[in-house]
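Worksheet for the structure shown next.
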Amino acid sequence: MDTGLDRSRAALIRLPLRYGLLLVPAVFLALFYFYPLVSILAVGLTPGGQPDLTGFAEIVTSAYYRHTLGFTLAQAALSTALTLLLALPGAYVFARYDFPAKSLLMALATLPFVLPTVVVAAAFSALVGPRGLVNEGLMFLLGLESPPVQLERTLAIILIVHVFYNYAVALRIIGSYWANQNPRMEEAARVLGAAGWRLWWEIRLPILRPALLAAGTLVFIFTFTSFGVVLILGGPRFATLEVEIYRQTANLLNLPMAAALSLVQIGLMLVMMAVYTRMQRRAAADVVSAASAARPPRSRRARMLVFGNLLFMAVMLFAPLLALMARSFTAGGEGFTTRYYELLFANVRGSVLFVPPMRAVGNSLVFALATTALAVALGLITVYLLSQRGSRWANWLDPLFMMPLATSAVTLGFGYIIALDKPPLNLRASPVLIPLAHTLVAMPFVVRSVLPAKRSITPHLPEAARVLGASPWQVWRFVDLPLISRGLIVGAVFAFTVSMGEFGASLFIARPNTPTMPVVIFRLLGQPGAANYGQALAMSVLLMVVCAVGFILIERLRTVGMGEF
Amino acid sequence: MKTRWLVVLLLFGLAAFPAFAQDNTLTLVTHDSFNVSESVLAAFEAETGIRVEILRGGDAGTMLNQSILSKSNPLGDVLFGVDNTFLGRALDEDLFVPYESPLLESVPEALRLDAEFRVTPIDYGDVCLNYDIAYFEKNDLPLPASLQDLTRLEYKGLLVVQNPATSSPGLAFLLATVGAFGTEGDYTYLDFWADLVANDVLVTEGWEDAYFGQFTAGGGGGTRPLVVSYASSPPFTIVEETGQPTTGSITADDTCFRQIEFAGILRGTDNLEAAQMWIDFMLGPAFQEDLPMQMYVFPANQNAALPDEFAQFAAIPENPAVVPFEDINAGREEWIRAWTEVVLR
């Protein structure tokens, strides 16, 4: 009879429930993101209880901190330039030529991007470190007594690893932009006599400018916040802001300085993220869909170019990973052995680890599953919050929920140990602290994977279902869920992989009785002796396999490019 | 449908951790270099019924900071490995509850730095330069007779030291240079370090990496025949056939620094009685006589007998460089900071 009244009454009842539910991610963000951030602010600005800006003054006046900041920027700039330079020929090859297994190769090239920094550090140490394959081979061939390739603790190794990491990012952004450009301009230029350097300098690079800027900014951001690579491979001589925050905390216990550095870091990151958002929008806006200009390489020169580039990619991207696998069975130089994998199960009282290393695998899995569950639940609610039509909230909530992505994990970890170790929120000894931190890092990935799918659902579908008498639950279950499930699974796998490999925050907050895989690898890598080294490599291989499987799942399920990243 | 919910339930179920077992287990928080013979430890466990878990938290400094950062949720019951270079910080942070062990009377007065018994001295050792005997013989090179000698051309690229910010012998060696050259005047410790950098000194994060990784006689294929280690390290390099060590320590005046290591009961322990028994055990003859061959140091208990190799090849410098305990506490951070600027940048 008076169904209209009933419905509005039902809506009235549902309203608090609905907003209550939507409040959950907001409360989570407030407690586990903004509260630690505010604590950092408090420690940084009022170290002794009084307002005191000497920490900041010191960053500017002291040559030491100026140098750290300078090095952070300089190595990021160098890494970015080097990455772009090396990725440019690759992007050209991928944009212009068709060759067998092209998309598979592109996918494989992206694999390093999901690998945890500790694994990559271990892989490069297995390849070119003092105990690496290259050195062992050269020592054997040339009859040398000491390793000839000395790359550890040099700027060179940091740059090489940064290129390894970010090559695919640049390749993807520049390559796909290039492939979508109309080739007419270049053809016209050729007809008019432009060739060689001139063609590159005056035609191709200006055309690619938006893509180069977007890729460059992104690579700069990634290398600016480099932590594990510099900490493990750089040795004591090199420190980025991230590494310095860690050292000031763990080694020097200078919390006000760590807080001041964290604030500088957060500030710079926000600026860079803003720049990137602009760049990305421009790079996306300029894409005109043109018929693909890619064709098989016909001339000898073209074939050489394609082959040369693929060879370069294979060597740079896969040699370290293969070396890691090979070395995990031969670390001690006494031939093939599975000893290091067996040692992972042993709990030696003389070991630097409190638990058998294999326990860390279990810990990591449990933390990653918990992270996935939390991130998916919170991410899903957030997606509904953000996709409400005509909501004036969505516009400023969106960047708010993305902020954890722009905050470095090290800063987050540091915030956790200074904020969450006393009442009302004393979680320092609780194992939930790690999944909480990982969820913050992983949630944006879930949101970014699901949001496009949710937004693409036309409002008619749920409306039609409702008219046909479906309850809200049924609408969600049978209309929304099937449509967003792909994105949801991608997001979940992302969350899982991110959690498995997370290092920066975990290093701060993992307690010795519940270490994670990356933390154990880091501890083992820092110890002398073939047994520790072999175990570090063996565990790195395990972690690499987990991440690779996650990566394959993502690649297979993902429908559009890199989603919204 | 149902199975799907089961999966979700399982996910959350897994996330709930089983509580950590706490029944008569004593957790010892210590640094990576801690070692004890399994038999000695087993005897303690059998006698007292207390299970001992050893939690190594990195280098001495890192381990101490970790304990300070989680002092409201202590990592264990007893902390061992805070030395006189960091003692001030530990005491300022009020990390320990006092305990006066009856065995303290066998410990020389000079080692008992805290009058309130918050920490108990367990061992001491002199941080000195160690050298690879074979290398110096083969190259017909005289040993450096002072720290200043290390800046001479013939020792270029031979020395490996530890980062004082992350390593306790590294800090001790920095203090030796502070003691030897002073912080004021024409040629301060920083001038000396600048000269060492010019002479290609190598810096590692920790002692293990320096000794086992970079030192030529450390067995790790290293390339540096001079390393900062302990005056008591050489007995560990004795070759069975010859009965002679492959390394020696340099104990010339003003080249060494004396480190005293302490143990303390962490405030907040729920196992006070076991913790006190452990402190007594650490000062008792079994542990004290096991110490030298396990951790390269001298026992604090003067009644403990020294092993033969130790008595024969471990040196005790007559005049180590001296920096008073209070000065260390006041100057430590500034010296490390200045050192980092001169050496690592």
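Top to bottom, those sequences are chains A and B.
Here my numbering is used: position 276 in the first sequence is 276, and no number is missing along the way.
So the mapping is simple: my numbering equals the position in the second sequence, first residue as 1, plus 1000.
Here a beta-carbon is modelled for each residue, glycine too, at the ideal position from N, C-alpha and C.
Please read these numbers as outputs of a predicted model, since none were measured by experiment.
Problem - Helix, strand or coil at Ser-1249(B) [DSSP, three-state] - result: strand
Problem - One or two residues paired with Val-1227(B) in a DSSP bridge - result: Asn-1130(B) and Val-1160(B)
Problem - Contact check, Gln-1276(B) vs Ile-1265(B), beta carbons under 9 Å - result: yes
Handout entry: Segment limits, alpha helix (DSSP H) that includes Gln-248(A)
Key = 241-250
Handout entry: Own chain, CB closer than 8 Å to Leu-1147(B), minus 5 neighbours either side, in chain order
Key = Ala-1176, Thr-1177, Ala-1180, Phe-1181, Phe-1192, Asp-1254 and Thr-1255
Exercise for the section: Quick one: residues in its chain with C-beta nearer than 8 Å to the C-beta of Leu-1075(B), no 5 flanking neighbours on either side, listed in chain order? Expected result: Thr-1027, Val-1029, Leu-1055, Gly-1057, Gln-1066, Ser-1067 and Leu-1266
Practice task
Report the rounded CA-to-CA distance for Lys-102(A) versus Phe-94(A), giving the unit in angstroms.
Solution key: 8 Å
Exercise for the section: Give the secondary structure of Asn-426(A) by DSSP, where H, G and I count as helix, E and B as strand, and everything else as coil. Expected result: strand
Handout entry: Cβ contact check for the region 1293-1310 of chain B and the region 1127-1139 of chain B: 3 or more pairs under 8 Å
Key = no
Handout entry: Simplified DSSP state of Ile-457(A), which is helix, strand or coil
Key = coil
Exercise for the section: Kindly list the residues whose CB is nearer than 6 Å to the CB of Ile-1122(B), restricted to its own chain and excluding five residues on each side of it in sequence; keep chain order. Expected result: Glu-1261, Ala-1263, Met-1282 and Ala-1300
Exercise for the section: With hydrogens ignored, establish whether the beta-carbon of Leu-451(A) is closer than 8 Å to any heavy atom of the ligand ADP. Expected result: Among the components of this structure there are no ligands whatsoever, and the ligand ADP is therefore not found.
Exercise for the section: Express the C-alpha separation of Ser-146(A) and Ile-339(A) in angstroms, rounding to a whole number. Expected result: First, the residue type needs correcting, since residue 339(A) is Arg and not Ile in the sequence shown. Cα to Cα, Arg-339(A) sits roughly 26 Å from Ser-146(A).
Exercise for the section: For Ser-1070(B), return the contacting residues in chain A, with the cut-off set at a CB-CB distance below 9 Å. Expected result: Ile-417, Asp-421, Arg-428, Ala-429 and Arg-511
Practice task
Figure out for me which residue from Ala-1231(B), Glu-1100(B), Glu-1289(B) and Trp-1339(B) has the closest Cα to the Cα of Pro-236(A).
Solution key: Trp-1339(B)
Practice task
May I ask you to list the residues that DSSP assigns as paired with Val-1082(B)?
Solution key: Phe-1262(B)
Practice task
Take Val-244(A) as the anchor and find which of Arg-1258(B), Glu-1137(B), Pro-1235(B) and Thr-1166(B) has the nearest alpha-carbon.
Solution key: Just to set this straight, residue 244(A) is Glu in the shown sequence, not Val. Glu-244(A) has its Cα closest to that of Thr-1166(B), out of Arg-1258(B), Glu-1137(B), Pro-1235(B) and Thr-1166(B).
Practice task
Mind checking the region 233-258 of chain A against chain B and listing, in chain order, the residues whose C-beta falls within less than 9 Å of any C-beta there?
Solution key: Gly-235, Pro-236, Arg-237, Phe-238, Ala-239, Arg-247, Thr-249, Ala-250, Asn-251, Leu-252, Leu-253, Asn-254 and Leu-255
Exercise for the section: Taking Leu-324(A) and Ala-126(A) to be in contact with their CB atoms under 8 Å, please state how far apart those CB atoms are, rounded to whole angstroms. Expected result: 5 Å
Practice task
Assuming Thr-1085(B) contacts Ala-1210(B) (C-beta within less than 8 Å), just tell me the rounded distance between them.
Solution key: About 17 Å; that fails the 8 Å criterion.
Problem - CA-to-CA distance, Phe-354(A) to Val-1082(B), given in whole angstroms - result: 19 Å
Problem - Phe-1325(B) in three-state terms, based on DSSP - result: helix
Practice task
Using a Cβ-Cβ cut-off of 9 Å, state whether Tyr-1296(B) counts as contacting chain A.
Solution key: no
Problem - DSSP-derived helix/strand/coil call for Val-432(A) - result: coil
Exercise for the section: Kindly list, in the order they appear in chain A, the residues whose Cβ is closer than 9 Å to that of Glu-1273(B). Expected result: Simply none; closest approach about 22 Å.
Practice task
Can you give me the start and stop residues for the alpha helix (DSSP H) that Thr-372(A) sits inside?
Solution key: 357-386
Exercise for the section: Look at the alpha carbon of Ile-1316(B) and the alpha carbon of Phe-1236(B), and state the distance between them as a whole number of angstroms. Expected result: 16 Å
Practice task
Measure the CB-CB distance between Phe-71(A) and Phe-124(A) and report whether it falls below 9 Å.
Solution key: no
Handout entry: Neighbour list for Glu-1341(B) in chain A, Cβ cutoff strictly below 9 Å
Key = Ser-62, Ala-63, Tyr-64 and His-67
Problem - Cutoff 6 Å; reference Met-257(A); Cβ partners in own chain excluding five residues on either side - result: Gly-55 and Gln-248
Problem - Nearest-angstrom Cα separation, counted from Glu-1038(B) out to Gln-1288(B) - result: 14 Å
Problem - Where Gly-1179(B) falls: helix, strand or coil (DSSP) - result: helix
Problem - chain A residues whose Cβ lies nearer than 9 Å to that of Thr-1062(B) - result: Ala-250 and Asn-251
Problem - Within chain A, the residues that Leu-1344(B) reaches when beta carbons sit closer than 7 Å - result: Pro-236 and Arg-237
Exercise for the section: Report the rounded CA-to-CA distance for Ala-1194(B) versus Ala-63(A), giving the unit in angstroms. Expected result: 16 Å
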